[in-house]
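Asker: Encoded as structure tokens, here's the structure I'll be asking about.
Residue numbers (this note's numbering), protein chains in the order written: chain V, 133 to 395; chain G, 79 to 366.
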């Protein structure tokens, strides 16, 4: 069995001292695995990710209960730069690149002197970045910004890569391409990834294991292949079908019956 | 020729102050209203440190000014500005007003508000017709100001820390996620800004005098920064030149009494036509 790299136990996060965003969230990420954390808007996925990466204080939020352990060390409340230096790297949902710096400067910003991954290797993964290396990052397309953000993450010597909404604002074809590239990179580098996504199909398709969040709780978990085949997950998160099936409007209506796993 | 030399010297004093204001604004969105006070206190510290030995000593003075810049920069950031993260922008501005009042009081308490001229006994270097002179201290001031801006340009463009500095100025959260100690970078911004202000205070003290009234140079620096654009270093130089030229021409052609008002007239004119300054960016101003 693979070694556990990240363990979150019974995590509770409260915003502004009054609003509980997540409650009793537990999850485990094994070394070398790609784990997907999926759910709808407001499910608490990003809050979970921010708690792990130490970003809660900047949003007037705090961990009120539970533990986060990385490589067996409790990391609750550690500042983001210290977590980043120990290998917990976040690719955030928005504002993921420095718009006023060039592509090369963005990558140089992140590059660690003793990192195993070089700038050239990043350009080989994402040739389009190489072509635009002198261009300002703010002028890149959405997909190219995602590539750059992943490239920056890779150069930070990641032991655990936390990716928030990789598919946000991208065309379906760009999502497919990016996810495939991420999967190849993960396999080649044996990267450990916690992937937070609303696009459940795209995330579970490349993940080894998956968690489903709703209303601040983990309501379902299991191997990604099983989740993809599970009738409830298919109904509530995959539009009741796989992407190759054709359904009528009535068939794809997501909330025609109540979810069974909570309430 | 004298006309040009005087404007260049005034430009240097204003540009150093404006550069500090721009750096602090870019790094932490703080508009520092205590910059004149920081500059003049720096000048006083330079003067006092030079008298540490039996004879006036330039190395002691430089060491004192350097120590002042580092200690004051780190102290202001760590004890005050760091705690204001997430607070409305005007809170930081009000804190700088408080710093200005405390520093002005310090000039009265420590130096008894004495009018002092920094003088290392260096002879005038260049004589102009009509009796005007340019001292070695003035020439040193111009050379060091140019060196400061060149060093700043090289630092921001070609060093890893400089790139990290620019990235932190744009998005501190992302920078910290990339392993950058944002507190270190922002402390460094304060140290550089106060260092530049101290240089400006010293050059001003050498050409004129240090006193509680001399803190008004901060307003010229602030005007220069606003005219050039609060987020633009090249704007700081352009703004400093415009303010210096206007001050000189007012003194020479109209009335010396108006010299302190003229920068603000320029400021009003620029703000009403181009509120983000000559080289500033529009969205940056929206955040003020």
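Glycine is no exception: its CB is placed at the ideal position from the N, C-alpha and C atoms. Bear in mind that the values here come from a model prediction, so they are computed numbers and not experimental data.
Select from the segment 208-226 of chain V all residues with a C-beta closer than 8 Å to any C-beta belonging to chain G, and list them in chain order.
Answerer: Against chain G - using a Cβ distance shorter than 8 Å - the residues of the segment 208-226 of chain V are 211, 212, 213, 216, 217, 221, 222 and 224.
Asker: Using a Cβ cut-off of 8 Å (strictly closer), state whether residue 179/V contacts chain G.
Answerer: On the first chain, position 47 is the one that residue 179/V refers to. Not closer than 8 Å to any Cβ of chain G, the Cβ of residue 179/V fails to qualify, so no.
Asker: Going by other Cβ atoms of all chains shown within 10 Å of its Cβ, with 16 needed for buried, is residue 437/G buried or exposed?
Answerer: Since the first and last residues shown for chain G are 79 and 366, residue 437/G lies out of range.
Asker: In or out: residue 140/V buried (at least 16 other Cβ within 10 Å) or exposed?
Answerer: By one-based count along the first chain, residue 140/V stands at place 8. When all chains shown are included, residue 140/V counts as buried.
Asker: So, for residue 283/G: in the same chain, excluding its five sequence neighbours on each side, which residues have a beta-carbon less than 6 Å away from its beta-carbon?
Answerer: The count along the second chain starts at 1 and reaches residue 283/G at position 205. Only 121 and 196 meet the Cβ criterion.
Asker: For residue 219/V versus residue 290/V, is the C-beta spacing smaller than 8 Å?
Answerer: Against the first chain, residue 219/V aligns to sequence position 87. Against the first chain, residue 290/V aligns to sequence position 158. Yes.
Asker: Where does residue 158/G sit, in a helix, a strand or coil, going by DSSP?
Answerer: Along the second chain, read from residue 1 onward, the residue named residue 158/G stands at position 80. Of the three classes helix, strand and coil, the one that applies to residue 158/G here is coil, per DSSP.
Asker: Could you pull out every residue in the same chain whose Cβ sits closer than 6 Å to the Cβ of residue 348/V, ignoring the five residues on either side in sequence?
Answerer: Here the question's residue 348/V lines up with position 216 in the first chain. Excluding sequence neighbours, residue 348/V sits near 153, 154, 155 and 176.
Asker: My assumption, with CB atoms under 8 Å, is that residue 168/V sits in contact with residue 356/V. Please give the rounded CB distance.
Answerer: For the purposes of this step, residue 168/V is taken as the residue at position 36 of the first chain. For the purposes of this step, residue 356/V is taken as the residue at position 224 of the first chain. Indeed, because the Cβ distance is near 6 Å, the residues count as touching under 8 Å.
Asker: What's the gap between the Cα of residue 259/V and the Cα of residue 365/V?
Answerer: Locating residue 259/V in the first chain gives position 127, where the first residue counts as 1. Locating residue 365/V in the first chain gives position 233, where the first residue counts as 1. Roughly 36 Å between the two C-alpha positions.
Asker: Name the residue from 252/V, 270/V, 321/V and 238/V whose alpha carbon lies nearest to the alpha carbon of residue 235/G.
Answerer: Here residue 235/G refers to the residue found at position 157 when the second chain is read from its first residue. Among 252/V, 270/V, 321/V and 238/V, the Cα nearest to that of residue 235/G belongs to 238/V.
Asker: Look at the alpha carbon of residue 241/V and the alpha carbon of residue 328/G, and state the distance between them as a whole number of angstroms.
Answerer: Position 109 of the first chain, counted from the first residue, corresponds to residue 241/V. Position 250 of the second chain, counted from the first residue, corresponds to residue 328/G. Computed Cα separation, rounded: 47 Å.
Asker: Does the contact criterion of 3 or more C-beta pairs under 8 Å hold for the segment 264-281 of chain G versus the segment 263-280 of chain V?
Answerer: No, the segment 264-281 of chain G does not touch the segment 263-280 of chain V.
Asker: Could you check what DSSP says for residue 201/V in three-state terms: helix, strand or coil?
Answerer: One-based indexing of the first chain puts residue 201/V at position 69. In the structure shown, residue 201/V sits in a strand (DSSP, three-state: E or B).
Asker: Counting only Cβ pairs nearer than 7 Å, list the residues of chain G close to residue 237/V.
Answerer: For this step, residue 237/V is matched to residue 105 along the first chain. Correct list: 241.
Asker: From 257/G, 173/G and 135/G, pick the residue whose C-alpha is nearest to that of residue 157/G; which is it?
Answerer: As a position in the second chain, residue 157/G is number 79, starting the count at 1. Checking every option, the nearest Cα to that of residue 157/G belongs to 173/G.
Asker: Anything in chain G within Cβ reach of residue 232/V, meaning under 9 Å, just list it in chain order.
Answerer: Translated into the one-based positions of the first chain, residue 232/V becomes position 100. What residue 232/V touches in chain G: 244, 245, 247 and 248.
Asker: Is residue 293/G near residue 213/V, with beta carbons less than 8 Å apart?
Answerer: Taking the second chain and counting its residues from 1, one reaches residue 293/G at position 215. Taking the first chain and counting its residues from 1, one reaches residue 213/V at position 81. Taking 8 Å as the Cβ cut-off, residue 293/G and residue 213/V do not qualify as a contacting pair.
Asker: Mind checking whether residue 266/G and residue 100/G have CB atoms under 8 Å apart?
Answerer: Reading the second chain from its first residue, position 188 is the one you call residue 266/G. Reading the second chain from its first residue, position 22 is the one you call residue 100/G. No, the Cβ-Cβ distance between residue 266/G and residue 100/G is not below 8 Å.
Asker: Is residue 211/V closer than 8 Å to residue 252/G when the C-beta atoms are compared?
Answerer: Reading the second chain from its first residue, position 174 is the one you call residue 252/G. Reading the first chain from its first residue, position 79 is the one you call residue 211/V. No; because the gap between Cβ atoms is not below 8 Å, this pair is not in contact.
Asker: Use the C-beta contact count for residue 98/G: other C-beta atoms within 10 angstroms, 16 or more gives buried, fewer gives exposed.
Answerer: Within the second chain, the letter at position 20 stands for residue 98/G. Per the 10 Å Cβ criterion, buried.
Asker: Return the residue from the list 216/V, 269/V and 248/V that minimises the CA-CA distance to residue 234/V.
Answerer: Along the first chain, one-based indexing puts residue 234/V at 102. Closest by alpha carbon: 269/V.
Asker: I'd like the list of long-range same chain contacts for residue 306/V, defined as Cβ closer than 6 Å, with 5 residues on each side in sequence excluded.
Answerer: In the first chain, residue 306/V corresponds to position 174, counting from 1. Taken in chain order, the residues that qualify are 275.
Asker: Quick one: Cα of residue 135/V to Cα of residue 341/V, how far?
Answerer: On the first chain, residue 135/V is found 3 positions in, with the first residue counted as 1. On the first chain, residue 341/V is found 209 positions in, with the first residue counted as 1. Cα-Cα distance, rounded: 15 Å.
Asker: What residues are listed by DSSP as bridge partners for residue 296/V?
Answerer: Counted from its first residue, the first chain places residue 296/V at position 164. Per DSSP, 328/V.
Asker: Could you name the residues of the same chain whose beta carbon sits closer than 7 Å to that of residue 192/V, not counting the 5 residues immediately before and after it, in chain order?
Answerer: Here residue 192/V is taken as the residue at index 60 of the first chain, counted from 1. Excluding positions up to five away in sequence, the list reads 147 and 148.
Asker: Do you know whose CA, among 83/G, 227/G, 219/G and 307/G, lies nearest residue 204/G's CA?
Answerer: Numbered from 1 along the second chain, position 126 holds the residue referred to as residue 204/G. Of the candidates 83/G, 227/G, 219/G and 307/G, the one whose C-alpha sits nearest the C-alpha of residue 204/G is 83/G.
Asker: Quick check: the Cα distance between residue 135/G and residue 127/G, rounded to an integer number of angstroms?
Answerer: Counting from 1 along the second chain, the entry for residue 135/G is found at position 57. Counting from 1 along the second chain, the entry for residue 127/G is found at position 49. Roughly 8 Å separates the two Cα atoms.
Asker: Would a C-beta distance cut-off of 8 Å place residue 195/V and residue 144/V closer than the cut-off?
Answerer: For this step, residue 195/V is matched to residue 63 along the first chain. For this step, residue 144/V is matched to residue 12 along the first chain. Yes, the Cβ-Cβ distance between residue 195/V and residue 144/V is below 8 Å.
Asker: Distance cutoff 8 Å, beta carbons only. Does residue 238/G sit that close to anything in chain V?
Answerer: Residue mapping note: residue 238/G aligns to position 160 of the second chain, counting from 1. Judged by the 8 Å Cβ criterion, residue 238/G is in contact with chain V.
Asker: What are the uninterrupted segments assigned as alpha helix (DSSP H) that are 4 or more residues long and contained completely in the segment 88-143 of chain G, given in chain order?
Answerer: Here the runs fully enclosed are 113-128.
Asker: Could you give the residue range of the alpha helix (DSSP H) that holds residue 185/V?
Answerer: Translated into positions along the first chain, residue 185/V becomes position 53. Run containing residue 185/V: 177-185, per the alpha helix (DSSP H) assignment.
Asker: In the DSSP assignment, find the unbroken beta strand (DSSP E) run with residue 221/V in it and report its ends.
Answerer: Counting from one through the first chain, the residue named residue 221/V turns up at place 89. First-last of the beta strand (DSSP E) with residue 221/V: 220-223.
Asker: Are the beta-carbon atoms belonging to residue 177/G and residue 112/G less than 8 Å from one another?
Answerer: One-based indexing of the second chain puts residue 177/G at position 99. One-based indexing of the second chain puts residue 112/G at position 34. Yes. Within cutoff.
Asker: Verify the CB distance criterion: does residue 130/G have a CB-CB separation below 8 Å to chain V?
Answerer: Walking along the second chain from the start, residue 130/G turns up at place 52. Judged by the 8 Å Cβ criterion, residue 130/G is not in contact with chain V.
Asker: Kindly indicate which residue of 216/V, 294/V, 337/V and 345/V has the alpha-carbon position closest to the one of residue 358/V.
Answerer: Here residue 358/V refers to the residue found at position 226 when the first chain is read from its first residue. Per the Cα distances, 337/V.
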